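What follows is a single structure, written as structure tokens, with notes after it.
Residue numbers (my numbering): 15 to 283.
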């Protein structure tokens, strides 16, 4: 469960360094897959980011639909973004884990085209469009990291779309678990082939375009075949090689290994 944070306790000076050390651990780990980002650039973010907010499980993230919009850094906890149709039907578009940023595209687009809700109690930070534009000038490596994160989010959605259109339900489910494992491993939230997964079966089914009944049958089959076990909010891979084969999973699209060339890319200081 996310640690409650005193939203009035942060300011400049030494407290900015405290933000830098504690607030951005998951973000640092995630963006570390892209490049090494100097401490001073995280300090610049700490000086411009909004105050921490604790948002309870199942609570809607209160999005301001007026322009300009804000993005939201999920410091701790899980969330989901979704679209609500006029009929009342809902489609989960993506699941956010620690270190993810919701709504980067809304900083540029006038139409806020998604809603968001917390899956667990979460600590969230607001990033204004003004702050992001300032970071482009004063923190170029961090800004480039944010662009990488947005590109990676697009890659996730493309992979999800291909899965819905061309993969079997079994493949989609296994692929989803493998992808979550890799995303959580990147930010230090996965160990020994298992990870905590607060998503219920209805939410997983929604994200994958399945019915809850169908998903339940697949989960049971995966457990019986000794591939994956989903139980009591934990996903455990019993046979990782077999899971990878079933899902035809190739994690290259996640871009988790920073190349030497990219690591040496020179950005304006």
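Quick reminder that beta carbons are idealized off the backbone N, C-alpha and C, glycines included. No experiment lies behind these values; they were computed from the predicted model shown.
DSSP three-state call for residue i: helix, strand or coil?
{"i": "residue 245", "result": "strand"}
{"i": "residue 267", "result": "helix"}
{"i": "residue 250", "result": "strand"}
{"i": "residue 206", "result": "coil"}
{"i": "residue 98", "result": "strand"}
{"i": "residue 214", "result": "coil"}
{"i": "residue 103", "result": "coil"}
{"i": "residue 87", "result": "strand"}
To the nearest angstrom, how far is the alpha carbon of residue i from that of residue j?
{"i": "residue 87", "j": "residue 157", "result": "14 Å"}
{"i": "residue 53", "j": "residue 165", "result": "23 Å"}
{"i": "residue 184", "j": "residue 240", "result": "14 Å"}
{"i": "residue 219", "j": "residue 187", "result": "9 Å"}
{"i": "residue 145", "j": "residue 124", "result": "17 Å"}
{"i": "residue 242", "j": "residue 211", "result": "13 Å"}
{"i": "residue 36", "j": "residue 136", "result": "Confidence in residue 36 is poor, its pLDDT being 49 and thus under 50, which makes the residue's placement unreliable; the coordinate value appears in the next sentence. Between residue 36 and residue 136, the C-alpha separation is close to 15 Å."}
{"i": "residue 254", "j": "residue 90", "result": "27 Å"}
{"i": "residue 216", "j": "residue 118", "result": "27 Å"}
{"i": "residue 122", "j": "residue 143", "result": "8 Å"}
{"i": "residue 55", "j": "residue 196", "result": "26 Å"}
Would you mind working out which of the options sits nearest residue i, comparing C-alpha positions?
{"i": "residue 108", "options": "249, 169, 159", "result": "169"}
{"i": "residue 151", "options": "137, 59, 232", "result": "59"}
{"i": "residue 115", "options": "84, 126, 100", "result": "84"}
{"i": "residue 221", "options": "173, 71, 113, 51", "result": "173"}
{"i": "residue 176", "options": "55, 262, 43, 66", "result": "262"}
{"i": "residue 285", "options": "250, 268, 74, 201", "result": "No statement about residue 285 is possible, as the shown extent of the chain runs from 15 to 283 and does not include it."}
{"i": "residue 154", "options": "49, 234, 141, 41", "result": "49"}
Would you mind sorting residue i into buried or exposed? The rule is 16 or more other CB atoms within 10 Å of its CB.
{"i": "residue 94", "result": "buried"}
{"i": "residue 132", "result": "buried"}
{"i": "residue 266", "result": "exposed"}
{"i": "residue 159", "result": "buried"}
What do you reckon, is the C-beta of residue i under 7 Å from a heavy atom of the ligand NAP?
{"i": "residue 50", "result": "For the structure depicted, the ligand NAP is absent and the ligand set is empty, with no information on it obtainable."}
- List in chain order: all unbroken alpha helix (DSSP H) runs of 4+ residues lying wholly within the region 106-154. 143-152
- Query: Which runs of the alpha helix (DSSP H), 4 residues or longer, sit entirely within the region 170-197?
  - Reply: none
- Item | Completely contained alpha helix (DSSP H) runs for the region 38-79, where each covers 4 or more residues | 39-45, 53-62
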